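Using this note's numbering, you'd call the opening residue of the sequence shown number 1 and step up by one each time. Here a beta-carbon is modelled for each residue, glycine too, at the ideal position from N, C-alpha and C. Only a predicted model underlies this, so the values are computations on that prediction, with no experimental measurement involved. Okay, so here's the structure we're looking at.
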Amino acid sequence: MVNIEISDNNTDSQEKPSMREYSPAQELFHNIPYIGMTVLGAIVLGVALGGSIWGIIAGIAYILYGLAGALWIMIFVCPYCAYWNTRSCPCGYGRISAKFRKKQPIESFSEKFKKHIPVIVPLWFIPVLVGVPFVIRSFSWTLLVLLVVFALDAFVILPLVSRKHGCKGCPQKESCPWMKDKSKPSAFSQ
Ligand code: SF4
Numbered sequence: 001m002v003n004i005e006i007s008d009n010n011t012d013s014q015e016k017p018s019m020r021e022y023s024p025a026q027e028l029f030h031n032i033p034y035i036g037m038t039v040l041g042a043i044v045l046g047v048a049l050g051g052s053i054w055g056i057i058a059g060i061a062y063i064l065y066g067l068a069g070a071l072w073i074m075i076f077v078c079p080y081c082a083y084w085n086t087r088s089c090p091c092g093y094g095r096i097s098a099k100f101r102k103k104q105p106i107e108s109f110s111e112k113f114k115k116h117i118p119v120i121v122p123l124w125f126i127p128v129l130v131g132v133p134f135v136i137r138s139f140s141w142t143l144l145v146l147l148v149v150f151a152l153d154a155f156v157i158l159p160l161v162s163r164k165h166g167c168k169g170c171p172q173k174e175s176c177p178w179m180k181d182k183s184k185p186s187a188f189s190q
């Protein structure tokens, strides 16, 4: 069972920094790469397993993992973020998070980020680890193209949208492991 800590010094009225606000359309735009990765990953698994019942099960399981991963971030990372419960969260997670949890100390953001991001990192690698051996063993243009598109979305577009757009003006980017070292690849997009 997951234990959710609620800090004594939390308060919904904690001062919110003045930041850019995003419209629902812009929030949707920021979610597209993650949604795309989840859908493409599920298709890769389905095609790699030959459209069999196991392929369908694997695809559905991957999509559920993607949804659970987003929820995990909302529960365990967003409450520590300066964007929690504001329209300044680029993807809208911060406002959804406020439905489950109270505000937590922003000082713990970096620690919570590092602790919980590994939960969703396998999403980036499962389709590659499953798909590549199938392409090598029994070559398929369909699977190869799907893998290339998945990799482009997951490893190029998603980090680019996050770093160059959503996270660019974040007031806590100095303490964020994702933004601190821009030379290292990372998997977090929100
Ligand atoms: S910017 Fe990221 S960590 Fe902050 S509330 Fe939005 S999704 Fe959560």
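Heavy atom of the ligand SF4 within 8 Å of residue i beta-carbon
i, result
"Gly69", "no"
"Gly66", "no"
"Val119", "no"
"Ser110", "no"
"Gly50", "no"
"Trp72", "no"
"Pro90", "yes"
"Gly36", "no"
"Val77", "yes"
"Gly59", "no"
"Ser97", "yes"
"Ala151", "no"
"Ala82", "yes"
"Gly94", "yes"
Sequence-distant residues of its chain with Cβ nearer than 6 Å to residue i (five each side left out)
i, result
"Met19", "Ser88"
"Val161", "Pro33"
"Cys170", "none"
"Gln172", "Ala82 and Phe109"
"Asn31", "Cys91"
Separation of residue j from residue i, as counted between CA atoms
i, j, result
"Glu21", "Tyr93", "13 Å"
"Gly55", "Val130", "11 Å"
"Ser108", "Val77", "9 Å"
"Glu27", "Cys91", "4 Å"
"Ala82", "Thr142", "43 Å"
"Leu198", "Phe113", "Since the displayed the chain opens at 1 and closes at 190, residue 198 lies outside it and no answer follows."
"Glu174", "Ile53", "46 Å"
"Phe139", "Ala42", "19 Å"
"Ile63", "Ile106", "30 Å"
"Gly69", "Ala61", "12 Å"
"Val44", "Pro159", "20 Å"
"Gly66", "Ile126", "11 Å"
"Phe29", "Lys99", "22 Å"
"Arg137", "Pro122", "23 Å"
"Gly51", "Val128", "17 Å"
Same chain only: Cβ atoms within 8 Å of residue i, ignoring 5 sequence neighbours per side
i, result
"Trp191", "Since the first residue shown for the chain is 1 and the last is 190, residue 191 is missing from the structure and cannot be characterised."
"Trp124", "Met37, Ala154, Phe155 and Ala187"
Beta-carbon proximity list for residue i, same chain, < 7 Å, skipping 5 on both sides
i, result
"Leu49", "Gly55 and Ala58"
"Ile96", "Met74"
"Glu5", "Its pLDDT being 34, under 50, Glu5 is placed unreliably in this model, and the coordinates cannot settle the point."
"Phe134", "Ala48 and Leu143"
"Ile157", "Pro33"
Touch test, the segment 145-161 against the segment 30-45, Cβ-Cβ under 8 Å, three pairs minimum: Pairwise C-beta distances place the segment 145-161 in contact with the segment 30-45, as three or more of them are shorter than 8 Å.
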